[in-house]
Every structure is written in C-alpha cells, then in structure tokens.
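Heads up: the sequence shown runs through residues 2 to 184, numbered per the working numbering.
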Amino acid sequence: MELNEKFATFKQEINQKLSCNSGQNLGMEDIMEEVHLRHSKQQNLIVFGMPEQPVTLQRDAAIEADAAEVRLVLQTCAPTLDICSAQSSRIGRLNASSVTPRPLRVTLSSVNDVHTIIRNAAKLRQSTKYSNISLSFDDRTPWQINAYKELKKEFNQRRAAGETNIALKYVRGTPKIVNLNLN
Numbered sequence: 002m003e004l005n006e007k008f009a010t011f012k013q014e015i016n017q018k019l020s021c022n023s024g025q026n027l028g029m030e031d032i033m034e035e036v037h038l039r040h041s042k043q044q045n046l047i048v049f050g051m052p053e054q055p056v057t058l059q060r061d062a063a064i065e066a067d068a069a070e071v072r073l074v075l076q077t078c079a080p081t082l083d084i085c086s087a088q089s090s091r092i093g094r095l096n097a098s099s100v101t102p103r104p105l106r107v108t109l110s111s112v113n114d115v116h117t118i119i120r121n122a123a124k125l126r127q128s129t130k131y132s133n134i135s136l137s138f139d140d141r142t143p144w145q146i147n148a149y150k151e152l153k154k155e156f157n158q159r160r161a162a163g164e165t166n167i168a169l170k171y172v173r174g175t176p177k178i179v180n181l182n183l184n
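This is the structure we're talking about:
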C-alpha cells in the first residue's frame, strides 16, 4: 500500500472515529497518539498456534522458551534474516482450561523484516513441525479493536433485521459493511 493510500485510509478512519464517537471530543493529542501507536505496531508480528509452555515451568523460563521457539519459527521463514533482537510476549491472560494457545506478539527491528517474514510464511505450512502456526502483521490498536466490535455489532443487527445482501469486508485495510451484488 502506498503512502498516499495509507494516509487516505487513516484519514477516513479518523473521520469515522470523529463521527461515531457519541459526543466525545477527540483532540489532536488523541489522534496523534493513535498515529504513533499504529506506527509503533508496524514492527509487530502476531504468531498464532504456537503451543504454550508447561504451567509447571517458571515464568521467566517460559518466556525464554517462547522466545527461543519464536526465533526458530522466524528462522524457518527467513533463514538469512538477523532476528537476534526480536522480542516476544504472549497476548492475554493464561487460561488453564483453554485449548487454544494465546497468540504471541513479536517485535522485530524493522518493518522490512516483518514484510520479509510474512512473504515467506508459506514455508511454515510446508514444514512438518510448524504447519499449524500462522503469522499476521495486523497488530491492532485498542481503538481499531473497539471500532471492529461496533461494526460487527451493527452488522449482526442488520442481518437479524433481515438484510441478507450485506457482508463485512476489509476495504484498503479498514473493515466496512458492504452491499453484495446478487446478479
């Protein structure tokens, strides 16, 4: 996505945020904070499906074991990439009764490293050891998460009201409710 397209998308999201914020005044500081947060999250990669470390393992040992496993996964995708400085942490709280492992947020040294790994993510599916692991570069801000929840709620209400020709799609990186052409 080009810089102009990113700016247009971001401007559209900010306008949407301003219009649907039910009386809250968003100042320039809020907008700048959102811009900064999105910029800092561009270096993040989300890893899904990596098994949790055993509960009996000490917290520090589990964090180090996750970091070592993440390095192996990233080396599978891009063996020539220097990922020694990659930092990782689990997202969410540990739930012993949950079957699905918590995702891992991995922070790399540059946006180019993230794109290189995502481009080569198909190598994980070819690997027998990491075939159940998937990668995403979509680390969302709290505002983006809330905006998606609101949009999903509106979508479900419209579907419940009988609208069948609508879908929830991403248009230039922004989720939108669109009409389906049933020709």
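Don't be surprised by glycine CBs; every beta carbon is placed ideally from N, CA and C.
Model, not experiment: these values are computed from the prediction.
- Excluding residues up to 5 positions away in sequence, V74, T77, L125 lie with their Cβ nearer than 7 Å to the Cβ of Y131 in the same chain.
- Our two residues, Y149 and N121, have alpha carbons roughly 28 Å apart in a direct line.
- Taking the CA atoms as reference points, I134 sits about 15 Å from A69.
- Non-local C-beta neighbours of E14 in its own chain, meaning closer than 6 Å and more than five positions away in sequence, comprise T175, ordered along the chain.
- A distance below 6 Å between beta-carbons, with the five flanking residues on each side excluded, links P104 to the following residues of its chain, in chain order: I47, F49, I92.
- Here T142 is near R39, since their CB atoms are less than 7 Å apart.
- Note that the stretch 61-68 touches the stretch 84-101; at least 3 beta-carbon pairs, one per stretch, sit closer than 8 Å.
- A straight-line Cα-Cα distance of about 19 Å links T101 and T129.
- Shown here, F138 sits in coil according to DSSP, grouped into three states, outside any helix or strand.
- A straight-line Cα-Cα distance of about 48 Å links Q158 and D83.
- In the three-state reduction of the DSSP assignment, Y131 falls in the coil class, being assigned neither a helical nor a strand state.
- Counting only the Cα atoms, A168 lies some 6 Å from N180.
- Within the same chain, Cβ atoms closer than 7 Å to the Cβ of T10 are found at R173, G174, T175, the five residues on either side in sequence being excluded.
- For Y171, the closest of Q145, A161, Q59 by C-alpha to C-alpha distance is Q145.
- If the five residues before and after K42 are omitted, its C-beta is found closer than 6 Å to the C-beta atoms of D140, all from its own chain and listed in chain order.
- Residue environment: L58 is assigned as exposed (fewer than 16 neighbouring CB atoms within 10 Å of its CB, all protein chains considered).
- Within the stretch 18-83, the complete beta strand (DSSP E) segments at least 3 residues long are 45-49, listed from N- to C-terminus.
- With contacts defined as CB atoms closer than 7 Å, A79 and I118 qualify as a contacting pair.
- Here the alpha carbons of K177 and R160 stand approximately 14 Å from one another.
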